[in-house]
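*Asks:* Protein chains in written order, with my numbering: chain A, 54 to 165; chain B, 54 to 165; chain C, 54 to 165.
1. With a threshold of 16 other CB atoms inside 10 Å of the CB of residue 117 of chain A, please say whether the residue is buried or exposed.
2. How about the stretch 124–132 of chain B and the stretch 112–126 of chain C: do they share at least three Cβ pairs that are nearer than 8 angstroms?
3. Taking 8 angstroms as the CB-CB cut-off, is residue 96 of chain C touching chain A?
4. Which residues bound the alpha helix (DSSP H) around residue 69 of chain B?
5. Whose Cβ in chain A lies nearer than 7 angstroms to the Cβ of residue 63 of chain C?
6. If you reduce the DSSP assignment to three classes, tell me which class residue 151 of chain A lands in.
7. Taking 8 angstroms as the threshold (beta carbon to beta carbon), is residue 146 of chain C in contact with chain B?
8. Between residue 56 of chain A and chain B, is any beta-carbon pair separated by less than 8 angstroms?
9. Along the beta strand (DSSP E) that carries residue 89 of chain A, what are the first and last residues, could you check?
10. I'd like the span of the beta strand (DSSP E) that includes residue 167 of chain A, first residue to last.
11. Give the secondary structure of residue 101 of chain C by DSSP, where H, G and I count as helix, E and B as strand, and everything else as coil.
12. Given that a residue counts as buried once 16 or more other Cβ atoms are within 10 Å of its Cβ, and exposed if not, what is residue 97 of chain B?
13. So does the stretch 144–157 of chain A actually touch the stretch 69–87 of chain B, counting three or more Cβ pairs closer than 8 angstroms?
14. Between the stretch 83–91 of chain A and the stretch 55–65 of chain A, do three or more beta carbon pairs fall short of 8 angstroms?
15. Under three-state DSSP, which class holds residue 107 of chain C?
16. For the alpha helix (DSSP H) containing residue 158 of chain C, name the first residue and the last one.
17. Around the Cβ of residue 62 of chain B, are there at least 16 other Cβ atoms within 10 angstroms (buried) or fewer (exposed)?
18. Could you say which of C:69, C:74, C:95 and C:68 lies nearest to residue 71 of chain A if we only look at CA atoms?
19. Leaving out five residues before and five after residue 143 of chain A in sequence, what residues of the same chain have Cβ atoms less than 6 angstroms from its Cβ?
20. For residue 99 of chain A, collect the residues of the same chain with a Cβ closer than 6 angstroms to its Cβ; drop the 5 residues on either side in sequence, then sort them by chain order.
21. Does the Cβ-Cβ distance between residue 145 of chain C and residue 112 of chain C come in under 8 angstroms?
22. So residue 67 of chain C and residue 165 of chain C are in contact, right, with Cβ under 8 angstroms, and what is the actual spacing, rounded?
23. Classify residue 110 of chain A as buried or exposed, calling it buried when 16 or more other Cβ atoms lie within 10 Å of its own Cβ.
24. Residues in its own chain within less than 8 angstroms of residue 108 of chain B by CB, not counting five upstream and five downstream?
25. According to DSSP, residue 123 of chain C sits in a beta bridge with which residue or residues?
26. Any heavy atom of the ligand PLP closer than 7 angstroms to the Cβ of residue 147 of chain C?
27. Taking C-beta pairs closer than 7 angstroms, name the residues in chain B that residue 77 of chain C reaches, listed in chain order.
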C-alpha cells in the first residue's frame, strides 16, 4: 500500500503532525506500507523552507527515501524560489494535480 | 482524472486555498484533469453565500463549469436557505455522502 | 459505499464536525452508505477521551455500530492509556496506516 500525505496547512501543529505521520507510516511494523510521498502546497510551504523550524524533520524524511514535492504555484505566489527549500525537495507544477495523480495511481490520501 | 475539493473549514485562509486549488486544477496544463467538483459543508458554507467575501471566486468557478454542491444538512443547521447562496450553487442532502459518491466514481479527494 | 472519517484535528469545532458528519453518513436516507468508521489520531484524540466534552457523541456512534479506532502512537505521545478513552474505542498501532488500509479496501476518505 502507498500513502500520500498532503502538507497544506499553515498551522504549525498540523505541519508537525503531517511530518510525524509520514515518519510513522515509514516505521510501520506491519510491512504493509510500501511507499510514502509528501505533497506540499499553500500554507504548508513554510515547513519545507531551508530556514524553517521543520527543516531537520524534512531532511530526515528525504534521507529515508520519502519524496517531498512542493507546488510551484505556491512558490510563485509566496515569492519563493526552489533554492529557498530544503535541499532535495522537488517541485511539481501544481500540488493538487500531483495529489490527484498519486491517488489515481492507487495512493491513499491523508490530510493531517 | 477527476478531483473533488472538500470545502469544509471555517477558516477563511483555508477556504481561499480551496477555491484557488480548484482554479489551479482547472488551469492545469498537463491536460490530465478532466473534471473538478467542489463539495461545501460545515464551516465552509460561509464561503458560498451570496454576500460572502469569496462570492466572486465562486461565481468564476461556476462560470468555468465547476459544479459547487452545498450540504443541505449544513444549511438547515445554520438557518440558511438555498436562496442565500451564490446563484448556481446546487444543494445535496449531505456533503459527506456526495464526497463518498464522487470518490466511489473515481474522483481523487483534496481537503485544503 | 463505505467512508472513513479522519478525526485528526485539535480544533474543537472540527472535532464536532467530524462526529456530526459520521452521524449524518449513518443517517443518510439514500441507503448508499453501508459502513462508516472513524480513525482518531494526533490532536483529535482528546475528543474520544472518557472525560472529554464529546464523550457522549462518541458513545452514541459506538452504540450505532460505528467502529472508533484510536492511534496507539498518539496515546503514547500524549501519555494516555487505552483505559482513558471512552469504553468501546479500539486501538490500532498507527492511525494513518489504518486510514491507508481502509482506503485500500475501498473506503472513501473524509477529513472534516
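Using N, Cα and C, we set each Cβ at its ideal position, and we do this for glycine too. The structure presented is a predicted model; accordingly, all values stated were derived computationally and were not measured.
*Replies:* Answer, in terms of the structure:
1. exposed
2. no
3. yes
4. 65–80
5. 66
6. helix
7. no
8. no
9. 88–93
10. The structure shown does not extend to residue 167 of chain A, since chain A is modelled only from 54 through 165, so no value can be given for it.
11. helix
12. buried
13. yes
14. yes
15. coil
16. Segment: none, residue 158 of chain C is in no alpha helix (DSSP H) and carries neither H nor E.
17. buried
18. C:95
19. 122
20. 105
21. no
22. 6 angstroms
23. buried
24. 101, 102 and 139
25. C:93 and C:144
26. Of ligands this structure carries none, so the ligand PLP is not represented either.
27. 126, 147 and 149
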